[in-house]
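Taking it in order: structure first as structure tokens, then the write-up.
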Amino acid sequence: SWSSGVLICMSIGYSVEEIHQSLRHGVSRYVNNPWNLLDIAFLLFSYIWLITGKTVWLAVNLFVLPFRLLHYLSIFESSGILVAVLFRMIAATANFLIFFIVILVGFSGMLTIIYGEKDEFESLPVSCLTLFDASLGNYDLTIFMGDDNEGDDWLGIGLLIVFLLLSTVMILNLLIAVLSEEYSQLSEHSYQQWCLMYADIVQENTVPASKFPDNLRFPPPLSLLSHISYFVLWFTKLVGQMCACYRGATSKSEAISESEDIKSPIITPVAQPDIKTEADC
């Protein structure tokens with residue numbers, strides 16, 4: 038369909054743009070930019086959809102593209118400052134997410150071993166979902182009741198209480214404190230942060246004027262037109278250089294042939310007079 042064709046053209050256009058950026062700025066700088074990681078995720082899911090034909094990958098792209106749109110909203114000072122704060126907070130949250138996952142997996146493993154016969158803890162993934170739901174406030178202490186051994190009932194309740202204290206009270210409050218500190222530090226230099234983001238956007242969407250007369254670049258898939266124009270200009274310049282070299286070589290060969298055609302003057306030897314000696318007399 039036409040919509041699939043448009044998506045294929047956008048994927049190809051984005052691929053060309055990302056390759057161009059990685060070659061222009063360097064691979065290490067390209068990978069360290071979180072916006073480029075979103076572009077890589079978008080292209081990855083798009084090509085998986087092209088290979089498998091499953092529309093679920095297009096649905097995943099709908100989660101990636103709105104975040105990519107925030108990058109272009111950064112050109113405005115009011116929204117750009119909020120975007121900078123958001124990504125700083127996401128980076129801070131990722132560190133605490135590691136601690137939460139470690140605690141979640143540890144307690145899930147213990148509850149799976151002790152209460153593996155219950156539906157809520159029949160496997161490690163199910164136990165993780167149960168404890169995660171409990172951390173959001175949806176827990177039921179009666180799931181630990183009804184066993185023959187009453188000690189196991191109180192053990193399960195005690196483990197759940199310790200997990201909730203660690204995950205929701207300690208880690209969550211510590212995360213709030215860190216986010217507040219990040220926001221206060223960033224608000225002091227918000228304008229400088231926005232200027233850096235604005236400069237990155239301008240640099241990403243422009244090219245040096247020496248490479249192309251109009252240094253503005255179109256977004257994908259229209260960026261393919263710009264790259265085609267670059268190729269035409271490069272090819273024209275290459276043909277011009279080859280023609281200039283050919284004309285120079287031709288003129289040089291003609292000059293050499295003309296110099297060879299000029300004959301050197303013929304020198305006629307002068308006859309020497311006969312000088313008679315006394316012996317001849």
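The sequence shown finishes on residue 318 if you use the working numbering, and the numbering steps up by one all the way, no holes.
Virtual Cβ for every residue (Gly too), placed ideally from N, Cα, C.
| Item | Value |
| --- | --- |
| By the three-class DSSP mapping on this structure, what secondary structure does aspartate 177 have? | coil |
| Going by CA-CA distance only, name the one from Val215, Thr92, Asp156 that's closest to leucine 44. | Thr92 |
| Can you look up isoleucine 213 in the DSSP assignment and give me helix, strand or coil? | helix |
| Where does glycine 63 land, buried or exposed, given buried means 16+ other C-beta within 10 angstroms? | exposed |
| How many Å lie between serine 145 and isoleucine 213 at the Cα? | 25 Å |
| From serine 224 to leucine 106, what distance separates their C-alpha atoms? | 23 Å |
| Does the beta-carbon distance from phenylalanine 124 to asparagine 98 come in below 8 Å? | no |
| Is serine 41 helix, strand or coil by DSSP? | helix |
| Can you tell me the Cα-Cα spacing of aspartate 237 and arginine 284, whole angstroms? | 45 Å |
| CB glutamate 219 to CB methionine 126, shorter than 8 Å? | yes |
| Note the first and the last residue of the continuous alpha helix (DSSP H) segment covering isoleucine 85. | 71-89 |
| If you follow the alpha helix (DSSP H) that valine 206 is in, where does it begin and where does it stop? | That residue, valine 206, is in no alpha helix (DSSP H); it is neither H nor E in DSSP. |
| Taking the alpha-carbon of alanine 128 as reference, which of Asn70, Ile49, Pro103, Val101 has the nearest alpha-carbon? | Asn70 |
| Can you tell which of Ser164, Leu233, Met279, Thr273 has its C-alpha closest to the C-alpha of isoleucine 112? | Leu233 |
| Taking 6 Å as the limit between beta carbons, can you name the residues of its chain near phenylalanine 158, skipping five residues before and five after? | Leu148, Thr149, Tyr152, Ser164 |
| If we ignore side chains and look at the alpha-carbon of each, how far apart do serine 160 and aspartate 170 end up? | 15 Å |
| So, at 8 Å on beta carbons, what are the nonlocal neighbours of phenylalanine 133 in its own chain, with the 5 sequence-adjacent residues on each side left out? | Ile208, Leu211, Leu212, Val215 |
| The alpha helix (DSSP H) that contains glutamate 157, what's its start and end? | From DSSP, glutamate 157 is part of no alpha helix (DSSP H); its letter is neither H nor E. |
| Have a look at Leu80, His108, Asn73 and flag the residue whose alpha-carbon is nearest the alpha-carbon of valine 120. | His108 |
| Once the 5 residues before and after leucine 166 are set aside, which same chain residues still bring their CB inside 7 Å of it? | none |
| Here's the rule: buried if 16 or more other CB atoms are within 10 angstroms of the residue's CB, otherwise exposed. What is methionine 47? | buried |
| How big is the Cα-Cα spacing for proline 103 and leucine 74? | 14 Å |
| From what residue to what residue does the alpha helix (DSSP H) around phenylalanine 100 run? | 93-110 |
| Using the Cβ count rule (16 or more neighbours within 10 Å means buried), how would you classify phenylalanine 100? | exposed |
| Can you give me the C-alpha to C-alpha distance between valine 122 and serine 116, rounded to a whole angstrom? | 10 Å |
| Could you check which residue in Asp76, Ile118, Ile140, Cys282 has the C-alpha nearest to that of tyrosine 228? | Ile118 |
| Thinking C-beta only, is leucine 178 closer than 8 Å to phenylalanine 200? | no |
| Please name the residue in Val206, Val276, Leu110, Gly42 whose C-alpha comes closest to that of tryptophan 86. | Gly42 |
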